[in-house]
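J.:
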Amino acid sequence: MRKWTVLILTIILTALLISCAIAQTDSGERGGVAWTYENGVLTLKGEGPLRSDDTWTKYMKKAKQLVLEGSFPDRVNWDVLSHFPALTKVIYNTDFCWSSFQGKKIKEAVYTSENPVFIGGAYFLSRLETITFENPEADYLQEGNLLFNRAKTTLYYYLGTKAEDVVVPEGIEIIGEGAFANSKIKSIQLPSTLKEIRSEAFYRCAIKSVTIPASCCRIGESAFRGCTALKEIVFQGDHMEFSAEEYTSDGSWFRGGFTFAECTALKEISLPSSDLIESSMFLGCKNLEKVAFGEETKQISSSQLFLNCKKLKAVYIPDDAEFDSQIIPNIKKTKILCHEGSSTEEKAKYYGLNYEAVSSD
58 MRKWTVLILT
68 IILTALLISC
78 AIAQTDSGER
88 GGVAWTYENG
98 VLTLKGEGPL
108 RSDDTWTKYM
118 KKAKQLVLEG
128 SFPDRVNWDV
138 LSHFPALTKV
148 IYNTDFCWSS
158 FQGKKIKEAV
168 YTSENPVFIG
178 GAYFLSRLET
188 ITFENPEADY
198 LQEGNLLFNR
208 AKTTLYYYLG
218 TKAEDVVVPE
228 GIEIIGEGAF
238 ANSKIKSIQL
248 PSTLKEIRSE
258 AFYRCAIKSV
268 TIPASCCRIG
278 ESAFRGCTAL
288 KEIVFQGDHM
298 EFSAEEYTSD
308 GSWFRGGFTF
318 AECTALKEIS
328 LPSSDLIESS
338 MFLGCKNLEK
348 VAFGEETKQI
358 SSSQLFLNCK
368 KLKAVYIPDD
378 AEFDSQIIPN
388 IKKTKILCHE
398 GSSTEEKAKY
408 YGLNYEAVSS
418 D
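Next comes the structure, spelled out in structure tokens:
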């Protein structure tokens, strides 16, 4: 009886091993893209476009490593590679692939091509610990935990995993997409040479305060979104461009807004002047009480600008700034501050908004 039991168990185990081996190896091709899945490694090869309904997508939930070979520049489907919950490593055997990964376990990126293009924003929901460029002549330089271009004018990424103070060196002009996203840094000192902070640069970062130097004139979409410990933002300059829209060369793709969205510790902020205060800038800032827009601000978008800002008490709107009646979500609790005799006062009256006008002297 025992021999039969052992034999039956052996047959079942063998069948399971065979079925697992078969399930672990698969391949296919469609529309110029060939794919192979084997033992947790998914390889995509071709010239694209990648499609969300392709057969290979059934392995997205289990793949631990992704290998990209070819060219996949299609921004229209920029999120087609986003859903890899088990992914830990991405290998680029390609110069460029525009995509955003939402897998939170990704720790390593390897670039094997001759002219690699690193986009930190692809990893704004995870935190890379290792970035490797196999071409020693690639235009990337790592010093400590910071990844720069060789000219040290762009800071692409911060690879640290611990809570620490960071000093960005002088000469840096650009903080790249997703550079500090999801990092645990305690504080950051930005250089006087900084010109631009790109999209998701500090997304869900742990910093409590930040000073934006006067040299910086542009902040990208969602740059500080979800910084739940951020209490103080100081602008040293008088004018800022807040990214509202970014387009491809054919005008087919865009995104915008959310610069300080979900900064739940933020209570007060004074902004520099801007041609446009983009939509959703303060969405979800549930403890925000007071906002002042710069004196030369031209247009203030009302689309979800203060959505879920339930404690908002006062908003200063400068003379001649364009806005509409939907700017304040709760006019009973929130007061518009303005100058006597200004067009802002006239609009507040016209829209029936709660306001307080003071002398401009």
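Numbering (the working numbering), first residue to last: 58 to 418.
Heads up, the beta-carbon is just placed ideally off N, CA and C, and yes, glycines get one too.
1) Under a Cβ-count criterion, where at least 16 other Cβ atoms within 10 Å of its own Cβ denotes burial, should Val-329 be classed as buried or exposed?
2) Considering only the alpha carbon of each residue, which of Ser-279, Gly-177, Thr-316 and Glu-186 lies closest to Lys-162?
3) Are the stretch 196 to 208 and the stretch 276 to 289 touching by the rule of at least three beta carbon pairs closer than 8 Å?
4) Is it right to say Pro-57 is buried, meaning 16 or more other beta carbons lie within 10 angstroms of its own, or is it exposed?
5) Keeping to the same chain, check which residues put their C-beta closer than 8 Å to that of Trp-92; ignore five residues upstream and five downstream.
6) Buried or exposed: Thr-151, going by 16 or more other Cβ atoms within 10 Å of its Cβ?
7) Answer with buried or exposed for Asn-239, where buried requires no fewer than 16 other C-beta atoms within 10 angstroms of its C-beta.
8) According to DSSP, is Glu-413 part of a helix, a strand, or is it coil?
9) Using the DSSP secondary-structure output, state which residues sit across from Gly-85 in a beta bridge.
10) What residue range is occupied by the uninterrupted beta strand (DSSP E) comprising Lys-102?
11) Could you tell me which of Ser-358, Gly-398, Asp-136 and Arg-108 sits nearest to Leu-340, measuring between CA atoms?
12) Check the C-beta distance from Val-292 over to Phe-259 and give it rounded, since I have them as a contact under 8 Å.
13) What residue range does the alpha helix (DSSP H) around Thr-401 cover?
14) From Arg-425 to Glu-289, what distance separates their C-alpha atoms?
15) With a threshold of 6 Å on Cβ separation, who are the neighbours of Val-124 within its own chain once the five nearest residues in sequence on each side are excluded?
16) Just to confirm, are Gly-314 and Glu-335 a CB contact at a threshold of 8 Å?
17) Here's a check: name, in chain order, each residue in its chain whose Cβ is nearer than 8 Å to the Cβ of Lys-419, leaving out the five neighbours to either side.
18) Tell me the rounded alpha-carbon separation between Phe-175 and Gly-127.
19) So for Lys-115, helix, strand or coil by DSSP?
20) In terms of DSSP beta bridges, what is Cys-395 paired with?
21) In angstroms, rounded to a whole number, what distance separates the CA positions of Ser-300 and Tyr-116?
22) Have a look at the DSSP bridge pairing and note the partners of Gln-122.
23) Nearest CA to the CA of Lys-146: which residue from Thr-321, Ser-170, Ser-400 and Thr-189?
24) If you drop the 5 nearest sequence neighbours on each side, which residues of the same chain put their C-beta closer than 6 Å to that of Phe-181?
25) Using the three-state DSSP reduction, which class does Ala-349 fall into: helix, strand or coil?
T.: Let me spell this out:
1) Working through the sequence shown from its first residue, we reach residue 329 at position 272. The sequence shown places Pro at residue 329, not Val. The residue is buried, with at least 16 neighbouring Cβ atoms inside 10 Å.
2) Numbered from its first residue, the sequence shown carries residue 162 at position 105. When each option's Cα is compared against that of Lys-162, the closest is Glu-186.
3) no
4) Because the chain spans 58 through 418 in this model, residue 57 falls outside it and cannot be assessed.
5) Your numbering for residue 92 matches position 35 in the sequence shown. Excluding sequence neighbours, Trp-92 sits near Ser-84, Gly-85, Glu-86, Leu-99, Thr-100, Leu-101, Lys-102, Asp-111, Thr-112 and Trp-113.
6) For the purposes of this step, residue 151 is taken as the residue at position 94 of the sequence shown. So Thr-151 ends up on the buried side.
7) As a position in the sequence shown, residue 239 is number 182, starting the count at 1. So Asn-239 counts as buried.
8) As a position in the sequence shown, residue 413 is number 356, starting the count at 1. Note: Glu-413 maps to strand in three-state DSSP.
9) Walking along the sequence shown from the start, residue 85 turns up at place 28. Its beta-bridge partners are Trp-92.
10) Residue 102 sits at position 45 when you count from the first residue of the sequence shown. Segment 98 to 103, the beta strand (DSSP E) holding Lys-102.
11) For the purposes of this step, residue 340 is taken as residue 283 along the sequence shown, with counting starting at 1. Ranking the options by Cα distance to Leu-340, first place goes to Ser-358.
12) Within the sequence shown, numbered from 1, the residue matching residue 292 stands at position 235. Within the sequence shown, numbered from 1, the residue matching residue 259 stands at position 202. Note that residue 292 is Phe in the sequence shown, not Val. Contact flag wrong, Cβ pair sits at about 15 Å.
13) Position 344 of the sequence shown holds residue 401. Element bounds for Thr-401: 400 to 408.
14) It is not possible to answer for residue 425, since the shown part of the chain is limited to 58 through 418.
15) Along the sequence shown, read from residue 1 onward, the residue named residue 124 stands at position 67. Here the set comprises Thr-100 and Ile-148.
16) Position 257 of the sequence shown holds residue 314. Position 278 of the sequence shown holds residue 335. In contact: Gly-314 and Glu-335 (Cβ atoms closer than 8 Å).
17) As shown, the chain starts at 58 and ends at 418. That puts residue 419 outside it, with no answer to give.
18) Here residue 175 corresponds to residue number 118 of the sequence shown, with the count starting at 1. Here residue 127 corresponds to residue number 70 of the sequence shown, with the count starting at 1. Going from the Cα of Phe-175 to the Cα of Gly-127 covers about 15 Å.
19) The residue given as residue 115 occupies position 58 in the sequence shown. Helix at Lys-115.
20) The residue given as residue 395 occupies position 338 in the sequence shown. Paired residues: Ala-414.
21) Here residue 300 refers to the residue found at position 243 of the sequence shown. Here residue 116 refers to the residue found at position 59 of the sequence shown. Computed Cα separation, rounded: 36 Å.
22) The sequence position of residue 122 within the sequence shown is 65, counting from 1. DSSP output for Gln-122 lists Val-98 and Lys-146 as bridge partner(s).
23) Looking up residue 146 in the sequence shown gives position 89. Taking only the C-alpha atoms, the option nearest Lys-146 is Thr-189.
24) For this step, residue 181 is matched to residue 124 along the sequence shown. Correct list, in chain order: Gly-235, Ala-238, Glu-257 and Tyr-260.
25) The count along the sequence shown starts at 1 and reaches residue 349 at position 292. In this structure, Ala-349 counts as strand in the three-state DSSP scheme.
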